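K.L.:
Using my numbering, you'd call the opening residue of the sequence shown number 17 and step up by one each time.
Input: one structure, supplied below.
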Amino acid sequence: MPEKQLIERILSGDKEAFRLLMEKYQQQVFHVAIGFVHSREDAEDITQEVFIRVYRALRSFKEKSLFSTWLYRITLNTAMNYVNKNRRRNLLTDASNSLMSLFNKSNEERDAQQKLETTEIEKNIQKAIDELPEKQRKAFILSKYEDLPQREIAEIMQTSEGAVEQLLVRAKKSLQKKLAHIVGN
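Shown next, in the form of structure tokens:
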């Protein structure tokens, strides 16, 4: 069913149509969210919040852009708000979890060191992405996690394709610098 028809049905109170819309876009929203929060539970919370916001704001969708573009904007804003609101809580939780895992290590784990190194690498990559300036991070996540073309990212971010290209180049250079010690450069 075409999106326009789905939206019309939702606006007339058809809950089944909204379920169909959610099913169509749930994975994309989740992938963007996980690019910001790196936690399945938090990404699920963000995904749920995005669809609540979509439902409440659907009447304001004016079809000046694709529905998916409008949805990605809501997703980016919701994810950024979530990250900013929970930054301090997450720092404390991460520190606590790291300490607990250190104290609860099993002596029988032969690959504990390898697991620790892999986890440390993943944390360094996530931290490097998190430290990118906001616009670079948004462009990078949409490009790498969602594999969106620059044209679509430009529409979502309401900027030019050239600006997106520059954001991605800067993000990659920044990540290469920050992660050079991991790859041995």
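All C-beta atoms in this analysis are idealised placements derived from N, C-alpha and C, irrespective of residue type, glycine included.
Just so we're clear, the structure is a prediction, and the values are computed from it rather than from any experiment.
Let me know if K143 comes out buried or exposed under the rule of 16 or more other beta-carbons within 10 Å of its beta-carbon.
P.N.:
Stepping through the sequence shown from its first residue, residue 143 is reached at position 127. Result: exposed.
K.L.:
DSSP on D163, reduced to helix/strand/coil?
P.N.:
Here residue 163 refers to the residue found at position 147 of the sequence shown. Reduced to three states, the DSSP call for D163 is coil.
K.L.:
If you compare alpha carbons, which of Q64, D58, I23 is closest to F77?
P.N.:
Position 61 of the sequence shown, counting from 1, holds the residue named residue 77. Answer by Cα proximity: I23.
K.L.:
First and last residue of the alpha helix (DSSP H) that includes F77?
P.N.:
By one-based count along the sequence shown, residue 77 stands at place 61. Neither: F77 is in no alpha helix (DSSP H) and is coded neither H nor E.
K.L.:
Cutting at 6 Å between CB atoms, please list the residues of its own chain near N102, excluding the five before and the five after it.
P.N.:
The count along the sequence shown starts at 1 and reaches residue 102 at position 86. Around N102: no qualifying Cβ.
K.L.:
Please look up how many angstroms separate the CB atoms of M38 and F83, rounded, as I've assumed it's under 8 Å.
P.N.:
As a position in the sequence shown, residue 38 is number 22, starting the count at 1. As a position in the sequence shown, residue 83 is number 67, starting the count at 1. With a Cβ gap of about 12 Å, M38 and F83 do not count as contacting.
K.L.:
Take V48 as the anchor and find which of F34, L36, Q64 has the nearest alpha-carbon.
P.N.:
As a working mapping, residue 48 is identified with position 32 in the sequence shown. Of the listed residues, the one whose Cα sits closest to V48 is Q64.
K.L.:
Using a threshold of 7 Å, state whether the C-beta atoms of K151 and L183 are closer than that.
P.N.:
Position 135 of the sequence shown holds residue 151. Position 167 of the sequence shown holds residue 183. Yes. Within cutoff.
K.L.:
Please work out which residues of its chain come closer than 7 Å, Cβ to Cβ, to Q44, disregarding the five sequence neighbours upstream and downstream, and give them in chain order.
P.N.:
Locating residue 44 in the sequence shown gives position 28, where the first residue counts as 1. The residues are E162.
K.L.:
Any chance you could list the alpha helix (DSSP H) runs of at least 4 consecutive residues sitting entirely within the segment 136 to 162, in chain order?
P.N.:
Within the segment 136 to 162, the complete alpha helix (DSSP H) runs of at least 4 residues are 150 to 160.
K.L.:
Report yes or no: do the segment 84 to 103 and the segment 54 to 63 share at least 3 C-beta pairs separated by less than 8 Å?
P.N.:
Result yes; three or more Cβ-Cβ pairs closer than 8 Å.
K.L.:
I'd like the span of the alpha helix (DSSP H) that includes G51, first residue to last.
P.N.:
Residue numbering aside, residue 51 sits at position 35 when the sequence shown is read from its first letter. Start and end: 31 to 53.
K.L.:
Distance, Cα to Cα, A111 vs G29?
P.N.:
Taking the first residue of the sequence shown as position 1, residue 111 is located at position 95. Taking the first residue of the sequence shown as position 1, residue 29 is located at position 13. Note that A111 has pLDDT 49, beneath the 50 cutoff, so the model's placement of it is unreliable and the number below is only indicative. Distance between the alpha carbons of A111 and G29: 46 Å.
K.L.:
Taking C-alpha atoms, which residue in K20, I169, I62 lies nearest to E153?
P.N.:
Within the sequence shown, residue 153 is the residue found at index 137, counting from 1. Sequence inspection shows Arg at residue 153; the Glu mentioned does not correspond to that position. Out of K20, I169, I62, I169 has the C-alpha closest to the C-alpha of R153.
K.L.:
With a 10 Å radius around its C-beta and 16 neighbouring C-beta atoms as the bar for buried, classify T91 as buried or exposed.
P.N.:
Residue 91 sits at position 75 when you count from the first residue of the sequence shown. The residue in question, T91, is buried, as its Cβ has 16 or more Cβ neighbours within 10 Å.
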